[in-house]
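Notes for the one structure printed next.
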Amino acid sequence: MIRALGILLSLVIAGAAWANSNGAPAQLSGAPGDGNCSACHGGAPNSGPGSLQIRFDGVTTWTPGQAVKVKITLSDPNASRWGFQLTARAAANPNQTAGSFRIIEDTTRLAPNAPSGLQYVTHTLTGTRPGTTGSVSWEVEWTPPSSAGFGDVIFYASGNAANGNGQADPGDRTYTATFTGSPGTPASGVTRVLPQLAFGTSGTLGNWSTSIYLHNTTAAPVSATVRFFGVDGSPLTVPGINASSTQINLGARGTGAVEVPTVGPLTQGSVSIEAPEGVIGYGVFRQALQGINPQEGVVPFSSSSATGATIVFDETDFVTAVAVLNPGAAATTVTVRARDSSGAEIGTFTLNLNPRQREALVVRDRPEMTQIRGKRGALEFSSSGGPVSVLGLRFNQLAFTSILPVER
Numbered sequence: 206m207i208r209a210l211g212i213l214l215s216l217v218i219a220g221a222a223w224a225n226s227n228g229a230p231a232q233l234s235g236a237p238g239d240g241n242c243s244a245c246h247g248g249a250p251n252s253g254p255g256s257l258q259i260r261f262d263g264v265t266t267w268t269p270g271q272a273v274k275v276k277i278t279l280s281d282p283n284a285s286r287w288g289f290q291l292t293a294r295a296a297a298n299p300n301q302t303a304g305s306f307r308i309i310e311d312t313t314r315l316a317p318n319a320p321s322g323l324q325y326v327t328h329t330l331t332g333t334r335p336g337t338t339g340s341v342s343w344e345v346e347w348t349p350p351s352s353a354g355f356g357d358v359i360f361y362a363s364g365n366a367a368n369g370n371g372q373a374d375p376g377d378r379t380y381t382a383t384f385t386g387s388p389g390t391p392a393s394g395v396t397r398v399l400p401q402l403a404f405g406t407s408g409t410l411g412n413w414s415t416s417i418y419l420h421n422t423t424a425a426p427v428s429a430t431v432r433f434f435g436v437d438g439s440p441l442t443v444p445g446i447n448a449s450s451t452q453i454n455l456g457a458r459g460t461g462a463v464e465v466p467t468v469g470p471l472t473q474g475s476v477s478i479e480a481p482e483g484v485i486g487y488g489v490f491r492q493a494l495q496g497i498n499p500q501e502g503v504v505p506f507s508s509s510s511a512t513g514a515t516i517v518f519d520e521t522d523f524v525t526a527v528a529v530l531n532p533g534a535a536a537t538t539v540t541v542r543a544r545d546s547s548g549a550e551i552g553t554f555t556l557n558l559n560p561r562q563r564e565a566l567v568v569r570d571r572p573e574m575t576q577i578r579g580k581r582g583a584l585e586f587s588s589s590g591g592p593v594s595v596l597g598l599r600f601n602q603l604a605f606t607s608i609l610p611v612e613r
């Protein structure tokens, strides 16, 4: 009888370990009042040869409402299957959630059945990385509280570095860690945006890279923060800096640059630049295609608060394309109107853009805009729910140049 009970208990524990291969249940993060991974895998936390680390990707502090990536890295020389759970709480009250998480890769998910008001991120079955040895990492997007007055945020995580046999035995090691994220000191200044970013290689479109140039016109040293976003508005890790943001220090009347080289497949997005008044600059995106001379397009800094823009088009011998960006923190609807050379309206359509989302399109390809073919005129962009940033592009087959907007 005792032996039978022992076998049954072993099966229950093993079943719990395997059940969590698609994510740990809520409240196993190691936060105050929570358990940790040892609840299912056994063993004393932090008694193994490995470690668990939490950090921000590319920044050291958080800015209210501005999403950042949180990276969780678990290492153990003896492990071959992995899992974790993460939560964020107010340092002043560990029972209060801090900000919100968004899933950005298929290796993580939100843990189900979390207590009201709390969020937990855990691994998926794919995220257990069976057979991977040494260490693994997971990333999740975190949007901070809306005010710096919220104070410090403590991230709690528990990780399990398992041997993959499905048993709760000494071969499974549990680790816990915390990370304190503090709000940054806001600098007086402005945020500018570049609605066009391109880097990487396309089989038909060649090699692309982007450069961003900054100049400090003042007599005092300043710093600028450059952030990169994908077309969906999420933080984008770019080659060259291997992060989604970077800080550029500019001496008095000094100049700096950020180079995003041709690495990986063709990727597009947008850029924001937070800098004090007196910092000027622009971006350049380049195309190198075999058999033709390399080409460049200039991207001027756009306002992050303009709610409208106008570009002039010429469709007599050229093709007009646009990149339209919502640089704001709320969704917006952008109305695009085309007028011919007499000022008459010849087409209109709308774009619904989520925060920091970017859309790029050939204007004449829109069914509502076929009337611009063969004409000259203007495109008017107006946003109903927040700011909008626009860049026009003029193509003559493979040759192109940028069309600079007038903002309002």
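To convert, note that position 326 of the sequence shown is 531 in my numbering; the numbers rise steadily by one, no gaps. Glycine included, C-beta positions come from ideal geometry on N, C-alpha and C. Keep in mind that this is a model prediction, so the values were computed, not measured.
(request) Work out the CA separation of T327 and A316 for me, nearest whole Å. (result) 6 Å
(request) Counting only the same chain and skipping the five closest in sequence on each side, list residues whose C-beta sits under 7 Å from that of K276. (result) R260, D262, S342 and E344
(request) May I ask which residues mark the beginning and end of the alpha helix (DSSP H) holding S243? (result) S243 to H246
(message) Quick check on DSSP: helix, strand or coil for P572?
(response) helix
(message) Could you check whether T415 and G488 sit closer than 8 Å to each other, using their CB atoms as the reference points?
(response) yes
(message) Considering only the alpha carbon of each residue, which of A493, R294 and S477 lies closest to A236?
(response) R294
(message) Can you find the residues in the same chain that come closer than 7 Å, C-beta to C-beta, to G322, ignoring five residues on each side of it along the sequence?
(response) T302
(message) Buried or exposed for Y325, going by 16 or more other Cβ atoms inside 10 Å?
(response) buried
(request) Within 10 angstroms of the Cβ of E520, are there 16 or more other Cβ atoms? Answer buried if so, exposed if not. (result) buried
(request) Whole angstroms is fine: what's the gap from R561's alpha carbon to V465's? (result) 20 Å
(request) Leaving aside the five residues before and after R544 along the sequence, list all residues of the same chain whose C-beta is less than 6 Å from its C-beta, in chain order. (result) E550, G582 and A583
(request) Pull up the distance between the alpha-carbon of S607 and that of Q401, whole angstroms please. (result) 10 Å
(message) Rounding to the nearest angstrom, what Cα-Cα distance links G435 and T381 in this structure?
(response) 32 Å
(message) Let me check one thing: in DSSP terms, what residues is E464 bridge-paired to?
(response) S416
(request) May I ask you to list the residues that DSSP assigns as paired with V595? (result) V529
(message) For R614, which residues in the same chain have their Cβ closer than 7 Å to its Cβ, ignoring the five residues on either side in sequence?
(response) Here the chain covers residues 206 to 613 and nothing more, so residue 614 does not appear.
(message) I need the DSSP call for A353, collapsed to helix, strand or coil.
(response) helix
(request) Assuming S587 and L530 form a contact by the criterion Cβ under 8 Å, report the distance between their Cβ atoms to the nearest whole angstrom. (result) The pair is not a contact, with the Cβ atoms about 14 Å apart (cut-off 8 Å).
(request) Report the residue ranges of all alpha helix (DSSP H) runs contained in full by the region 277-350; include only those spanning at least 4 residues, in chain order. (result) none
(request) Report yes or no: do three or more beta-carbon pairs, one from the region 344-362 and one from the region 268-275, lie closer than 8 Å? (result) yes
(request) Using DSSP bridges, identify the partner residues of I516. (result) L584
(message) Alpha carbons only, please: which of S243, V504, T292 and F554 is nearest the one belonging to S477?
(response) V504
(request) Specify, as a first and last residue, the run of the beta strand (DSSP E) that Q271 falls within. (result) Neither: Q271 is in no beta strand (DSSP E) and is coded neither H nor E.
(message) Measuring straight from C-alpha to C-alpha, what distance separates S243 and P335?
(response) 19 Å
(message) Mapping the DSSP letters down to three states, classify R613 as helix, strand or coil.
(response) coil
(message) If you follow the beta strand (DSSP E) that G488 is in, where does it begin and where does it stop?
(response) V484 to A493
(request) Could you please give the first and the last residue of the uninterrupted beta strand (DSSP E) stretch that includes Q500? (result) Q500 to P505
(request) Return helix, strand or coil for I577, following the three-state DSSP convention. (result) helix
(message) Assuming contact is defined by CB atoms lying nearer than 8 Å, are G376 and N421 in contact in what I supplied?
(response) no
(message) With a threshold of 7 Å (Cβ to nearest heavy atom), would F554 be considered close to the ligand MN?
(response) In the structure shown, the ligand MN is absent, as is every other ligand, since no ligand is present at all.
(request) Have a look at G502 and V541 and give me their C-alpha separation to the nearest angstrom. (result) 23 Å
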